Amino acid sequence: MGPASSLAEMGAPIPRFEVSPNDIPPLKESGLPLNAYMLHNLARVELNAIDLAWDTVGWFRPIFEILGEGFFTDFARIADDESPNLVAALRGYWSLDSGQGNF
7 MGPASSLAEM
17 GAPIPRFEVS
27 PNDIPPLKES
37 GLPLNAYMLH
47 NLARVELNAI
57 DLAWDTVGWF
67 RPIFEILGEG
77 FFTDFARIAD
87 DESPNLVAAL
97 RGYWSLDSGQ
107 GNF
């Protein structure tokens with residue numbers, strides 16, 4: 007199996023849309039309370055950490071024999087370790103009745 011050339015080939019979900027960080031309003035212009043704004047940002051950081059860990063597993067799969075199982079296990083553990091942080095940030099964010107599309 008060769009390296010995947012796209013997220014779709016890797017089986018990753020394709021985002022419906024992406025917003026450039028430059029297009030996200032600063033806190034003062036967002037209309038959101040500080041806690042909602044910060045929890046949203048924290049959730050994005052945690053999600054990116056999980057995505058990067060699994061992307062690493064996918065992209066380096068073609069050289070599994072060179073890197074060894076431990077390399078891939080470490081990144082799977084990173085994704086697993088970050089998952090509760092993402093869940094906690096999302097629960098806190100949603101508890102404030104601040105849905106994902108507020109920005």
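Take any residue in the sequence shown, note its place counting from 1, add 6, and you have its number in my numbering. Positions of the beta carbon are idealized from the N, C-alpha and C atoms, including for glycine. Since the structure is predicted, the reported quantities are computational estimates derived from the model, not experimental observations.
- Note that the C-beta distance between alanine 55 and tyrosine 99 is not below 8 Å.
- By alpha-carbon distance to valine 93, the top candidate from Pro39, Asp29, Arg50 and Val25 is Arg50.
- For phenylalanine 78, the closest C-alpha among the options Glu88, Ser89, Phe66 and Asp87 is that of Phe66.
- Burial check for glutamate 35: the Cβ neighbour count within 10 Å stays below 16, so the residue is exposed.
- Measuring C-alpha to C-alpha distances from alanine 85 to each of Gly74, Asp103, Ala59 and Gly76 identifies Ala59 as the nearest.
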